[in-house]
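Asks: Mapping the sequence shown onto this note's numbering, position 77 (from 1) lands on 125, and the numbers just tick up by one. Idealized CB from N, CA, C, for every residue including glycine.
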Amino acid sequence: MTTNNLPQEEASCPAENILKQLSGKWKPQIFRLALDEPVRFNRLLRQLPGSNKQSVATALKEMEEADILVKTVVQEKPLHIEYTLSERGTAMVSVFRSMEGLLG
Numbered sequence: 049m050t051t052n053n054l055p056q057e058e059a060s061c062p063a064e065n066i067l068k069q070l071s072g073k074w075k076p077q078i079f080r081l082a083l084d085e086p087v088r089f090n091r092l093l094r095q096l097p098g099s100n101k102q103s104v105a106t107a108l109k110e111m112e113e114a115d116i117l118v119k120t121v122v123q124e125k126p127l128h129i130e131y132t133l134s135e136r137g138t139a140m141v142s143v144f145r146s147m148e149g150l151l152g
C-alpha cells in the first residue's frame with residue numbers, strides 16, 4: 049500500500065489547476081477578452097451582458113491575486129486602469145485555446 053504525501057494542489061493535474069483558476073462567474077469571459085488587448089473595467093461591463101460592478105470587480109481581483117491578470121494604472125487623462133494578462137496568464141493561453149477548440 050502506498051500513500052501519497054504530496055499536497056493536493058501539487059498532486060493534481062496542471063490542466064485541473066488552470067480550470068480551477070478560471071472557474072467562476074465572468075472569469076473565462078474576462079480571460080478571453082484580455083487575450084488580444086488590455087481591457088478596462090467599464091468595457092468589461094458593456095461586453096458582459098448581465099454582469100454587475102460587484103461581480104466583475106470580484107472576478108478581476110481574484111484573477112489578479114492568482115497572478116493571471118496585471119492591473120496597471122495608466123497616468124493619462126482621463127486616468128484609467130487596464131488589465132492585461134500576466135506572464136502566468138499568457139502561459140495559460142494555449143490551454144485555454146485548446147479548450148475553446150474542443151468546446152466550440
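Could you tell me the distance, in whole angstroms, from the CA atom of Glu124 to the CA atom of Phe89?
Replies: Residue 124 sits at position 76 when you count from the first residue of the sequence shown. Residue 89 sits at position 41 when you count from the first residue of the sequence shown. Straight-line Cα distance between these residues: approximately 16 Å.
Asks: Output yes or no for whether 7 Å exceeds the beta carbon distance between Ala107 and Lys68.
Replies: On the sequence shown, residue 107 is found 59 positions in, with the first residue counted as 1. On the sequence shown, residue 68 is found 20 positions in, with the first residue counted as 1. Not a contact, by the Cβ cut-off of 7 Å.
Asks: According to the Cβ coordinates, are Thr120 and Glu130 closer than 7 Å?
Replies: For the purposes of this step, residue 120 is identified with residue 72 of the sequence shown, where counting begins at 1. For the purposes of this step, residue 130 is identified with residue 82 of the sequence shown, where counting begins at 1. Yes.
Asks: When the Cα atoms are used, what is the spatial distance from Leu93 to Val122?
Replies: For the purposes of this step, residue 93 is taken as the residue at position 45 of the sequence shown. For the purposes of this step, residue 122 is taken as the residue at position 74 of the sequence shown. Each residue's alpha carbon lies about 19 Å from the other.
Asks: Expressed to the nearest angstrom, what Euclidean distance is found between the alpha-carbon atoms of Ala105 and Ser142?
Replies: Residue numbering aside, residue 105 sits at position 57 when the sequence shown is read from its first letter. Residue numbering aside, residue 142 sits at position 94 when the sequence shown is read from its first letter. Rounded to the nearest angstrom, the two C-alpha atoms are 25 Å apart.
Asks: Would you give the residue range spanned by the alpha helix (DSSP H) that Ile116 belongs to?
Replies: As a position in the sequence shown, residue 116 is number 68, starting the count at 1. Ile116 -> no alpha helix (DSSP H), and no H or E assigned at all.
Asks: Who does Leu133 pair with in a DSSP beta bridge?
Replies: Counting from one through the sequence shown, the residue named residue 133 turns up at place 85. For Leu133, which the question treats as bridged, DSSP gives the partners Leu117.
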